Amino acid sequence: MSSAVVELVALSLPSAVLVLARMRQRGADGRQVWAAVGLRAGRPRDYAAAAVICVALTPVMFLVLRTLPPSVADDANIMVGRAGDASGYVAIVVLTLAEEMFFRGFLAGVLVRRFGFAVGNAAQALVFLAPHCLLLLANLAIWPVLPLQLAGGWLAGWLRHRSGSVGPGWLMHSAANLLTPLLLTL
8 MSSAVVELVA
18 LSLPSAVLVL
28 ARMRQRGADG
38 RQVWAAVGLR
48 AGRPRDYAAA
58 AVICVALTPV
68 MFLVLRTLPP
78 SVADDANIMV
88 GRAGDASGYV
98 AIVVLTLAEE
108 MFFRGFLAGV
118 LVRRFGFAVG
128 NAAQALVFLA
138 PHCLLLLANL
148 AIWPVLPLQL
158 AGGWLAGWLR
168 HRSGSVGPGW
178 LMHSAANLLT
188 PLLLTL
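Residue numbers for the sequence shown follow this note's numbering, beginning at 8 and rising by one.
Have a look at this one:
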């Protein structure tokens, strides 16, 4: 759990720096400053969209995870979400918040403002995929999961763009990471 908090702090630093820099500007509107990094509530319909995406993608996740050999599915160094107690599940949710703060709160916000939605969101999704590609070093058989992670990164960016909040993407991302171990046992 402590490593999840460390990751949350580390991955939130770019957003914090951006917020502090914007707060120092004359006439800075606090709401706009926080919104620049996706820290606003979001609308109920955006959380509903995230839930619909989760429901729609769960069968796809199940089918993709079924393609993994048991040696990959059982390897704790590859699969995230093998929490043995409540604090482990809390850690999963905190880790997904850390990733959402960096990839969608900071990176997608900057890239979409600079290059527009199509290019900015695609770029942040590819950057999100990059650390997940490191799993290939542990076992090449993990490759079927990578397109799903790319799609998930793109959809979380779309939710961020649609809602202005990291909340709906965090819901979707947390649900996916919490569902993965369950789907692996079916």
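Beta carbons are placed, not taken as given, at the ideal position from N, Cα and C, and that holds for glycine. Note that the structure is predicted; figures quoted are calculated from it, not measured.
In terms of alpha-carbon separation, which member of the options lies closest to residue i?
{"i": "A158", "options": "R29, V67 and V97", "result": "V67"}
{"i": "L64", "options": "L193, A183 and R50", "result": "A183"}
{"i": "P151", "options": "A80, T192 and V117", "result": "A80"}
{"i": "E107", "options": "A28, D36, L162 and T74", "result": "L162"}
{"i": "S181", "options": "A23, V97 and Q32", "result": "V97"}
Rounded to whole angstroms, what's the CA-CA distance from residue i to residue j? Just pull it up for me.
{"i": "L186", "j": "G95", "result": "14 angstroms"}
{"i": "Q131", "j": "P154", "result": "14 angstroms"}
{"i": "V44", "j": "S9", "result": "24 angstroms"}
{"i": "S78", "j": "L72", "result": "12 angstroms"}
{"i": "G160", "j": "R38", "result": "25 angstroms"}
{"i": "R50", "j": "S172", "result": "9 angstroms"}
{"i": "V62", "j": "H168", "result": "21 angstroms"}
{"i": "L46", "j": "F69", "result": "31 angstroms"}
Is the beta carbon of residue i sitting closer than 9 angstroms to the one on residue j?
{"i": "F135", "j": "F110", "result": "yes"}
{"i": "I60", "j": "L142", "result": "no"}
{"i": "R29", "j": "V16", "result": "no"}
{"i": "A148", "j": "A11", "result": "no"}
{"i": "V48", "j": "G176", "result": "With the sequence shown as reference, residue 48 is identified as Ala, and Val is not the correct amino acid for it. Result no, Cβ atoms of A48 and G176 do not sit closer than 9 angstroms."}
{"i": "D53", "j": "G174", "result": "yes"}
{"i": "L75", "j": "L189", "result": "no"}
{"i": "V117", "j": "L25", "result": "yes"}
{"i": "D92", "j": "A145", "result": "no"}
Is there at least one non-hydrogen atom of the ligand MG closer than 8 angstroms to the beta-carbon of residue i?
{"i": "Q32", "result": "Here there are no bound small molecules, and the ligand MG is not part of this structure."}
What span of residues does the alpha helix (DSSP H) with residue i cover, start to end?
{"i": "M68", "result": "P51 to R73"}
{"i": "I149", "result": "Element bounds for I149: n/a, residue is neither H nor E."}
{"i": "P175", "result": "G174 to T192"}
{"i": "P21", "result": "S9 to M30"}
{"i": "A98", "result": "A93 to E106"}
{"i": "V134", "result": "F124 to C140"}
{"i": "P76", "result": "Note, P76: premise wrong, no alpha helix (DSSP H); not H, not E."}
{"i": "A42", "result": "G37 to A42"}
Do three or more CB pairs link the segment 100 to 108 to the segment 117 to 125 at distances below 8 angstroms? no
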